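> The following block contains the structure, expressed as structure tokens.
In this note's numbering, the protein residues as written are 55 to 795.
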């Protein structure tokens, strides 16, 4: 919105208010032949209410209702004021509105509100998906086409008046007091963070004063003067329970094509807060938009300065805006930004600080040329142990420099360098790390990538054009244990035991719009806690990285020691093309075992339908009797229709659903022969036999679910115990348990 449209709307609103007040004053005077005493009576006030309300409601799309109305010549008191939107829903209501004004000023082009008191108002605001509020719709014109025609006629007839002509209506608000307000906002826009979709602030107190026009303004020279001062206090209860405050002060002059002003904003939300001051000046005619739109005439007569004196975001507010954020300390920012319209240049100098870490950002941007003349980012003293939850202790710094120009990727010219000097991460040395890249009108190069990190060294280089890309990198793993311990040093669970060495090669090739990725790795002496893998070979091929699910993976593990059991000849093959997906797992020892799975992705990528699931061992072959669905998402994991069957009428059926706070499971087992279970799935040296039939039903809260179960075992054997027969049922309901054996 240009700078001239807001004052135009303000002037229009002022004229509506002034017109209503003037009409009331004239009507009251006519009622008594020039006196106002009758208007002060209940009968006269009701007649004035009947006179004014239909005219207000004829002008707006919504509706205003007033329970009672009193008029005192230079003062109006409204009780039970209600504003509804066009659908009839309440947008705002107030117990009482008391307005003291100057009747004489209304006939002199001045709206002088000496005092406005609003008691216990409630605002129920709703922001629709399109970004329109119910308040906008309530106050919108009932006949917008007529308003538009009138505005054009008024503008044509009075082009010489207004801010530059000295005849615009002036507005003066001596004192506004709002007491005990409640503000509630429901935001339905999909891009709004979930935590901010419902905001509720209670106990709001507002003190304000302001003016637009009036004495002290030279319309022909300096424009129309304006000024405002507002103070707000309240208590937020949704989405965060904390005190809030806002102070705004501004003053300046406004002209038809120019504005000169300065102001400050001071806001707090609990432990977070900001104080920002700035000024803006119009140095030449034009229609200055700030910043200028890309592709338009970027040369404008606006110069502006913003000074961030204080900006502090506490961890609680960070988690509210980004629930997954691990930051555990306040983050502060200070600095200065300027905009120079005649040269179309923006300059920013900012400093961020948190727990001893400092980041200085200096940038100079030429918007007209669409170029970054200079960008420098300097970070010092980064200690992840102090900055983020369970972060490793560290002492890392970096310098980033970049410059470039170009309206598109094809015309981009520039270069960037990143340098991380030697430092510490999780008790291990890290660095140096360096990256150098440049762009030259459609050709991009990574000329130097070297990164020394704990336990590994990364190197790479590559080049890309509009048609091809070829980038290769290698990861030489010297000690996987150092790598793992460096990034988990701050974890409360401690660092897992890890070991291993080897090499991983990566290649990104093909069309830049749909490049393919190839990975080849060979690792030896791998260890993770009690697991030992002497050798592991892996290859992966992703034909289009935009579609990572359409890929192939081969994993070969000649031998793996899990402490209590040793496996040999383990191989995993995964193939995916389009919606189809298949996987094969094979094990050679301690017994032959094979799992074959085939299916297809469902619409949306959050569901797989498996039409084949075969588990083959020396003792038995299990096959799915029908298709099974696996559904997964942010809040749900669901298994639907798992039905496995084997010879001898053996059957296992499972339906399962897990959500954030609830769980449901229905499991049925029929004639399961324990003696034919693969030994690899059982604890070592455990000998079991017999036929088991069972039904298990679970539902309720995840932390305390209700459960019903019935189990029958025939011809059972567990270790040296033989001929075991068992028939039992049990029920767990909350904190109560009962059963039969």
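Every residue gets a Cβ at the ideal spot worked out from N, C-alpha and C, and that includes glycine.
Predicted, not measured: the structure shown is a model, and the values here were computed from it.
If you count every other CB in all the chains shown that lies within 10 Å of the CB of residue 312, and 16 or more means buried, which is it?
Taking the first residue of the chain shown as position 1, residue 312 is located at position 258. Looking at its Cβ environment, which holds 16 or more other Cβ atoms inside 10 Å, residue 312 is buried.
> If you count every other CB in all the chains shown that lies within 10 Å of the CB of residue 379, and 16 or more means buried, which is it?
The residue labelled residue 379 in the question sits at position 325 within the chain shown. Counting Cβ neighbours within 10 Å, residue 379 comes out exposed, since fewer than 16 surround it.
> Nearest to residue 715 by CA position, among 615, 755, 697, is which residue?
For the purposes of this step, residue 715 is taken as the residue at position 661 of the chain shown. Looking at the Cα atoms, 755 is the closest of the given residues.
> Helix, strand or coil for residue 158? Go by DSSP, reduced to three states.
Against the chain shown, residue 158 aligns to sequence position 104. Helix at residue 158.
> Considering only their Cβ atoms, is the gap separating residue 575 from residue 548 smaller than 8 Å?
For this step, residue 548 is matched to residue 494 along the chain shown. For this step, residue 575 is matched to residue 521 along the chain shown. Not closer than 8 Å, so no.
> Determine the extent of the beta strand (DSSP E) in which residue 742 is found, giving its start and end residues.
Indexing the chain shown from 1 puts residue 742 at position 688. Residue 742 -> beta strand (DSSP E) spans 742-755.
> Output the boundary residues of the beta strand (DSSP E) element that contains residue 375.
Within the chain shown, residue 375 is the residue found at index 321, counting from 1. Counting along the chain, residue 375 falls outside any beta strand (DSSP E), though it belongs to the alpha helix (DSSP H) covering 369-375.
> Could you name the residues of the same chain whose beta carbon sits closer than 7 Å to that of residue 651, not counting the 5 residues immediately before and after it, in chain order?
Position 597 of the chain shown, counting from 1, holds the residue named residue 651. Hits under 7 Å: 636, 637, 664, 666, 667.
> Have a look at the DSSP bridge pairing and note the partners of residue 759.
In the chain shown, residue 759 corresponds to position 705, counting from 1. Paired residue(s): 754.
> Only counting runs of 4 or more residues, tell me where the alpha helix (DSSP H) segments fall wholly within the segment 427-488, in order along the chain.
Here the runs fully enclosed are 438-441.
> Look up residue 774 in the DSSP assignment and say whether it is helix, strand or coil.
As a working mapping, residue 774 is identified with position 720 in the chain shown. Note: residue 774 maps to coil in three-state DSSP.
> Could you have a look at residue 100 and say whether DSSP puts it in helix, strand or coil?
As a working note, residue 100 is residue 46 in the chain shown. In the structure shown, residue 100 sits in a helix (DSSP, three-state: H, G or I).
> Return the bridge partner residues of residue 631 from the DSSP annotation.
In the chain shown, counting from the first residue as 1, residue 631 sits at position 577. DSSP output for residue 631 lists 634 as bridge partner(s).
> Give a yes or no on contact between the segment 329-338 and the segment 289-297, applying the rule of three or more CB pairs nearer than 8 Å.
They do not touch, by the three-pair rule.
> If contact is defined by three or more beta carbon pairs under 8 Å, each pair taking one atom from either stretch, is the segment 428-442 in contact with the segment 358-370?
No, the segment 358-370 is not in contact with the segment 428-442.
> Which of the three DSSP states is assigned to residue 734 in this structure?
Here residue 734 refers to the residue found at position 680 when the chain shown is read from its first residue. Helix at residue 734.
> Using CA coordinates, which residue listed in 326, 394, 474, 395 is at the minimum distance from residue 373?
Against the chain shown, residue 373 aligns to sequence position 319. It is 326.
> Curious, which full-length beta strand (DSSP E) runs of at least 3 residues does the segment 635-719 contain?
With a minimum length of 3 residues, the continuous beta strand (DSSP E) runs that stay inside the segment 635-719 are 647-655, 661-671, 675-678, 682-686, 690-700, 704-713.
> Residue 762 to residue 371, Cα distance in whole Å?
If you number the chain shown from 1, residue 762 lands on position 708. If you number the chain shown from 1, residue 371 lands on position 317. Going from the Cα of residue 762 to the Cα of residue 371 covers about 44 Å.
> Using 10 angstroms around the beta-carbon of residue 672, count the other beta-carbons present and answer buried if the total reaches 16, otherwise exposed.
For this step, residue 672 is matched to residue 618 along the chain shown. Exposed, since its Cβ has fewer than 16 Cβ neighbours within 10 Å.
> Could you please give the first and the last residue of the uninterrupted beta strand (DSSP E) stretch that includes residue 307?
Within the chain shown, numbered from 1, the residue matching residue 307 stands at position 253. 296-308 is the span of the beta strand (DSSP E), which, as asked, contains residue 307.
> Give me the DSSP bridge partner(s) of residue 499.
Position 445 of the chain shown, counting from 1, holds the residue named residue 499. 492, 517.
> For residue 724, write down the residues that DSSP places opposite it in a beta bridge.
For this step, residue 724 is matched to residue 670 along the chain shown. Partner(s): 705.
> In three-state DSSP terms, what is residue 190?
Numbered from 1 along the chain shown, position 136 holds the residue referred to as residue 190. Correct three-state label for residue 190: helix.
> Just grab the DSSP bridge partners of residue 283 for me.
Counted from its first residue, the chain shown places residue 283 at position 229. Answer is 263, 303.
> Is the beta carbon of residue 439 closer than 8 Å to that of residue 448?
Taking the first residue of the chain shown as position 1, residue 448 is located at position 394. Taking the first residue of the chain shown as position 1, residue 439 is located at position 385. Cβ distance < 8 Å, so residue 448 and residue 439 count as in contact.
> Going by CA-CA distance only, name the one from 718, 527, 408 that's closest to residue 760.
The residue you call residue 760 lines up with position 706 of the chain shown. Taking only the C-alpha atoms, the option nearest residue 760 is 718.
> When you compare each of 285, 520, 772, 176 to residue 462 by their alpha carbons, which one comes out closest?
Mapped onto the chain shown, residue 462 falls at position 408. Measuring from the Cα of residue 462, the nearest candidate turns out to be 520.
> By DSSP's criteria, residue 536 is part of a beta bridge. Which residues make up the other side?
Counting from one through the chain shown, the residue named residue 536 turns up at place 482. Beta-bridge pairing links residue 536 to no other residue.
> By how many angstroms is the C-alpha of residue 675 removed from the C-alpha of residue 437?
Residue mapping note: residue 437 aligns to position 383 of the chain shown, counting from 1. Residue mapping note: residue 675 aligns to position 621 of the chain shown, counting from 1. Approximately 55 Å between the Cα atoms of the pair.
> Along the chain, where does the beta strand (DSSP E) containing residue 117 start, and where does it finish?
The residue given as residue 117 occupies position 63 in the chain shown. Residue 117 -> beta strand (DSSP E) spans 117-125.
> Take residue 568 and list the residues in its own chain whose beta-carbon comes closer than 7 Å to its own, dropping the five residues that flank it on each side.
By 1-based counting over the chain shown, the position of residue 568 is 514. Cβ neighbours of residue 568 beyond the five flanking positions: 598, 600.
> Can you tell me which of the three DSSP states residue 288 falls into?
As a position in the chain shown, residue 288 is number 234, starting the count at 1. Reduced to three states, the DSSP call for residue 288 is strand.
> Indicate whether residue 279 and residue 267 have their beta-carbon atoms separated by less than 8 Å.
The residue you call residue 279 lines up with position 225 of the chain shown. The residue you call residue 267 lines up with position 213 of the chain shown. A contact, by the Cβ cut-off of 8 Å.
> Would residue 245 be called buried (16 or more neighbouring beta carbons within 10 Å of its own) or exposed?
Counted from its first residue, the chain shown places residue 245 at position 191. Result: exposed.
> Smallest Cα separation from residue 811: which of 489, 389, 606, 120?
As displayed, the chain neither begins before 55 nor continues past 795, which places residue 811 out of reach and without an answer.
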